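Presented below is the structure to which this report refers.
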Amino acid sequence: MNFSLCKFLVMPAILVSLSACQLTMNSKNSPQNTANEKFDSTVKALLDHRASTGIYQEGGEPNEESYWPDLSPQTLEKKYQQRLTIAAAFEKITQTSLSDDNKINYAIIKAQLDNSIAQYHFKAHYMPFNAESGFHSNLSFFINNTAFNKEKDIDFYLNKLSALPLYFDQNIYWMQQGLSTGITQPQAVLIGYEQSILAFIPEHAENSEFLKPFNTASNLIAPDVLADKKSQLIALLKTKVIPAYQHYYQFFTQEYFPNARKTIGVSATANGNEFYRNRVKHYTTTNMTPEQIHTLGLSEVKRIRQEMAEIIVKTGFKGTFAEFTDFLRTDAQFYAKTPLALLKEAAYIAKQMDAKLPALFKHLPRTPYGVAPVPDSIAPKYTTGRYIRAQNDTQPGYYWVNTYALDKRPLYVLPALTLHEGVPGHHLQISLNSELDNLPSYRRNAYISAFGEGWGLYAEWLGIEAGIYQDHYSNFGRLTYEMWRAARLVVDTGMHVMDWSRARAINFMTDNTALSSHNVQTEIDRYISWPGQALSYKIGEITIRNLRKKTAAELGQNFDVREFHHQILKNGSVPLQVLEDQINAYIATTLLTIAADDKKKSIVSE
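Numbering-wise, the sequence shown is residues -22 to -1, 1 to 584 according to mature numbering (1 follows the signal peptide of the UniProt record, and there is no 0).
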């Protein structure tokens, strides 16, 4: 599961590099020339809009307005109206007249723009958090990605934290609007959530997580300067940062939690059904309905359940499916004894897969990745693992492993998790995407969930080909992860549009997977609080696997898995229809080449 802090903001910055937009220029007044010029000018409007938000300066250097997004009602409404205007301009562009590159550019930018418009229209900013994290806890990522290489880095850090109370107040304001309109997170998923706020309220400011960047500060910064700046930060923590968290804690426990909605599905909120269908379209990049996805999920669950039953027989276990999963959940042999042991096992699996990559991929990323624990401040309600992308060329990516509650982190699912989050999953795909220098920046930084999570799940399946699942238990773990994603299709649609209760969803997932009870409840709460996102995994994976079957069938002995993977990844993260189009074009071009070669051979032989 890939993570982007931007998903909790009202509008992810659309990073645009006009010079990188590849325009195909034919005759001066040709339709393609006109369409590409119109596309060029519309993207420029986006660039101007992005610059006006003050979130980032060109070149990545922070400016005085870049400390936190301005979430004031006036600013959000202004941005919304600007985006509507730009979206209308996009609608007037004749897509069929665009160059091949700009057809993809159009699809990606338009999807980002439409999503930002929909988020505001459906008042998603009334809920600036979900069951596992939010604006207050995502500061862990800000802390971990901060490096003090020079004195001005520390000054920016101090100034940013000094501006934190206003950012908190603005988020709390929108949560209050949510309370008054019934657009809140369900109370059922918020039990214990206040602990994620308390994690940032230490008894002594000197023990605050916000001091971590000083531990790795550059030795080029004078020691007396570091000491002085550290004293300034401690004073700031005492007067502004910790009080902001205390205020939020009081609001959350005394006002928000007691009055949060008692329903589960987003359909119970104003325009909830329309919002959910919008989320389905956004996260799957298809026109499938919730009902179609629910039916597909039931079919996949039935298929995978049969494969699981076959593996249980192979293990020699005598008993029912429920008894086997209970055995897996409770037997000590399947669990690490210490956090370090779990991390070492994950790292070992990762290195095993590293050695398999050259046989499967033509191109590998320059960026390395590390294995690290999920930060303690967010671990209790956090998912089992996640990939954290590199922030710049001087940093690695990270495969995060949740070491909280070790008796709920089974080793038999660790190979599948590692392949999904590390390689050949998120790290490989996201890093290669960011290194595609021929693409505009918004393409290099884009993350389309159906593509990215579909690739991550495909990467788990690819582990069979790579020989990673070396025993029946780890292969069952792979299937339980696939079942987990198939069950999501059922429970996500079930809860949000079919009136399923939380208990029914938990029971369905418990009965069909070997996930621990803790993981099941954590995941169900994630689906409740993040409607539609869980659908992207299986829809994307099915698309990629079907494209591989089609390519292999049509190319026959000329099928090359390394070339197929290159064709999947070469254009970065794209909507699924774009992916299908590019693979169909590859098949057609390859068949023409094969036919031409055969004709030449035939002529020579004659």
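Using N, Cα and C, we set each Cβ at its ideal position, and we do this for glycine too. The model shown is predicted, which means the values in this text are computed figures rather than measured ones.
Item, Value
"Which residues DSSP lists as bridging P388, in chain order", "Y313"
"Host beta strand (DSSP E) of W378 (start-end)", "G375 to V379"
"Between the CA atoms of G400 and I327 - distance to the nearest angstrom", "10 Å"
"Counted within 10 angstroms of its Cβ, other Cβ atoms place T521 as buried (16 or more) or exposed", "buried"
"Cβ separation of G297 and T345, assumed to be a contact under 8 Å, to the nearest whole Å", "That belief does not hold up - the Cβ atoms of G297 and T345 are roughly 46 Å apart, past 8 Å."
"DSSP bridge partner residues for residue 587 (one or two, in chain order)", "The displayed coordinates of the chain run from -22 to 584. Any statement about residue 587 would go beyond what the structure contains."
"Reference N370; option with closest CA among A337, N423, E323 and Y377", "N423"
"Backbone CA spacing between G275 and Y515 [nearest angstrom]", "12 Å"
"From K138, K548, Y360 and T529, residue whose alpha carbon lies closest to that of I565", "T529"
"8 Å contact criterion, which T262 and I517 should meet: CB distance rounded", "5 Å"
"Limits of the unbroken alpha helix (DSSP H) element including A89", "D78 to H99"
"Cα-Cα separation between Q97 and H103, rounded to whole angstroms", "7 Å"
"Cα-Cα separation between H404 and E184, rounded to whole angstroms", "36 Å"
"Distance CB(M487)-CB(I506) smaller than 8 Å", "no"
"C-beta neighbour in chain C for E187, strict 8 Å", "No chain C is present in this structure, which holds just one protein chain."
"Start and end residues, alpha helix (DSSP H) containing Y451", "H450 to V475"
"Given A481 as reference, the closest of T500, N80 and F229 once Cα atoms are compared", "T500"
"Closest by C-alpha distance to F305, when choosing among Q232, Y234, H341 and Y390", "Y390"
"Minimum length 4: unbroken alpha helix (DSSP H) runs contained in the region 109 to 142", "117 to 122 and 129 to 140"
"Sheet register partners of Y347 (DSSP bridge)", "G375"
"Beta-carbon separation (whole angstroms), K208 vs F192, contact threshold 8 Å", "5 Å"
"Three-pair Cβ contact test at 8 Å for the region 524 to 538 versus the region 551 to 568", "yes"
"Whole-angstrom C-beta distance between L157 and Y234, which should lie under 8 Å", "7 Å"
"Short Cβ contact (8 Å threshold) for A238 with Q165", "yes"
"G434 classed as buried or exposed, judged by whether at least 16 other C-beta atoms fall within 10 angstroms", "buried"
"Distance, L49 Cα to Q224 Cα", "21 Å"
"Residue from G550, S196, H114 and Y313 with nearest C-alpha to A222", "H114"
"Residue nearest to R421 in terms of C-alpha spacing, selected from A428, S412, D449 and S427", "S412"
"Span separating the alpha-carbon of F68 from that of L525", "30 Å"
"Sequence-distant residues of the same chain with beta carbon closer than 8 Å to G472, five excluded per side", "H272, W478, R482, A483 and F486"
"Under 8 Å between C-beta atoms of L142 and V244", "no"
"For F107: DSSP bridge partner residues", "G112"
"Burial state of S427 (16 or more Cβ within 10 Å)", "buried"
"Residue from A310, L338, Y58 and H474 whose Cα sits closest to the Cα of E269", "H474"
"Euclidean distance between Cα positions of K195 and L139", "Note that residue 195 is Ala in the sequence shown, not Lys. Whole-angstrom Cα-Cα distance: 18 Å."
"I199 and F126 closer than 8 Å at C-beta", "yes"
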